[in-house]
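So the sequence shown is numbered by my numbering: it starts at 1 and just counts up by one.
Below is one structure, written out as structure tokens; the observations come after it.
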Amino acid sequence: MSGIASAPGVAIIGCGLIGHKRAKALGNARLVVCADIAQDRADRLAATAPGCRAVTDWQQAVADPEVSIVMIATLHDTLAEIAHGAVAAGKHVLIEKPAARNAAELAGLAEAAAAKGCLVRVGFNHRYHRALQKAYQLVTSGELGPLMFLRARYGHGGRVGYDREWRSDPKKSGGGELIDQGPHLVDLARWFLGDFAEVDGFAATYYWDMPVDDNGFLLLKTVERKVAFLHASCTEWKNTFSFEIYGRDGKIDINGLGGSYGTERLTFYKMLPEMGPPETTSWEYPMADNSWDVEFDEFLEDIRLKRQPAAGIRDAVEALHIIEKIYRMSGYDHNA
């Protein structure tokens, strides 16, 4: 068997921007089939890989015997349905965040995957940005001492007509900014601080003419009273990513994600015994974003080792539970 033939076969369902990003980061895998409800989108992505075929029915792609991994990059309203179908077909799955419009849509997926011997990874790719990987290394090595709280902001500047796009339709999206960029913030906060026992916050529609939120504010507390203060917004006017982690012995300040969010930087402030100005070390990552490659390489390793992915179904469910609670508290009923 040749190296190409022995490489894991991948199906990509949803051939938009994220589908193309995924196709460019397959590493030691080959793209076998692309599916999209729009034939031209499927054709364009399939044309990037030798021998890849394009279909408009995701079930055809999932059933292909050459496919062992299904990557799902559709709108929120079909993410969970396709994941259930892919697992039923015995495929490993990488499903983009938020993985569903609500946690109920993921019910039974973990059990079905376990019964079929399939692995399901959720695409919380922000964990794999260089600055976040470096931050996790610093935190787990004890450089910050015991953690106390973190503070994060994530938002984009919007564009003309944003309030008429699919993200503004609750039936397709399940909500607004809080379920769009918010899941990344919630997931990163859980990654560093652990599970949250108390959830408070507020979602609101301040600017855009749409029935979903354009701002979400969260105050989350662990059992140990570690706090995450998070703000997701699509009224930033300029794309913004800021993530700060505070420990008893120092702090980490991350800004930027590359591209329109600005150069990715991490600054570590080490508190001195005499306090005063801290010892400061900075890392800058001006190179292209490799988070998609690192994340998928880890998934291939998960599959090889039969190891549960670090970012899995439970992480998506926990993030969705938090988001749904904020929506209920704020008077949004997207599940009606």
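Just so you know, even glycine gets a beta-carbon here, dropped at the ideal spot from N, CA and C.
Asked: Excluding the 5 residues preceding and the 5 following W166 in the sequence, name in chain order all residues of the same chain whose CB lies nearer than 7 Å to its CB.; Found: L75, K172 and S173
Asked: Using DSSP with H/G/I as helix, E/B as strand and the rest coil, what is G3?; Found: Only weak support exists for where G3 lies, its pLDDT of 40 falling under 50; the coordinates are left without a value.
Asked: Decide yes or no for the touch test of the region 284-292 against the region 263-272: beta carbon pairs closer than 8 Å, at least 3 of them.; Found: yes
Asked: Hey, would you say K221 sits closer than 8 Å to F202, going by beta carbons?; Found: no
Asked: Sorted by chain position, which residues of the same chain lie with C-beta nearer than 7 Å to E96's C-beta, five sequence neighbours on each side aside?; Found: I18, I72, A73, L79 and G123
Asked: Ignoring anything shorter than 3 residues, give me the beta strand (DSSP E) runs that lie fully in the region 78-139, in order along the chain.; Found: 92-96 and 120-123
Asked: Does the separation of the CB atoms of Y154 and Q181 fall below 8 Å?; Found: yes
Asked: Contact between the region 46-61 and the region 114-122: three or more CB pairs below 8 Å?; Found: no
Asked: How would you call S260, buried or exposed, if buried means at least 16 neighbouring beta carbons within 10 angstroms?; Found: exposed
Asked: Alpha carbons only, please: which of P98, G9, D57 and G27 is nearest the one belonging to C15?; Found: D57
Asked: For E318, does the three-state DSSP call read helix, strand or coil?; Found: helix
Asked: Out of N239, Q39 and A311, which one is the CA nearest neighbour of V186?; Found: A311
Asked: Check whether the region 206-226 touches the region 108-120, taking contact to mean three or more Cβ pairs, one atom from each stretch, closer than 8 Å.; Found: no
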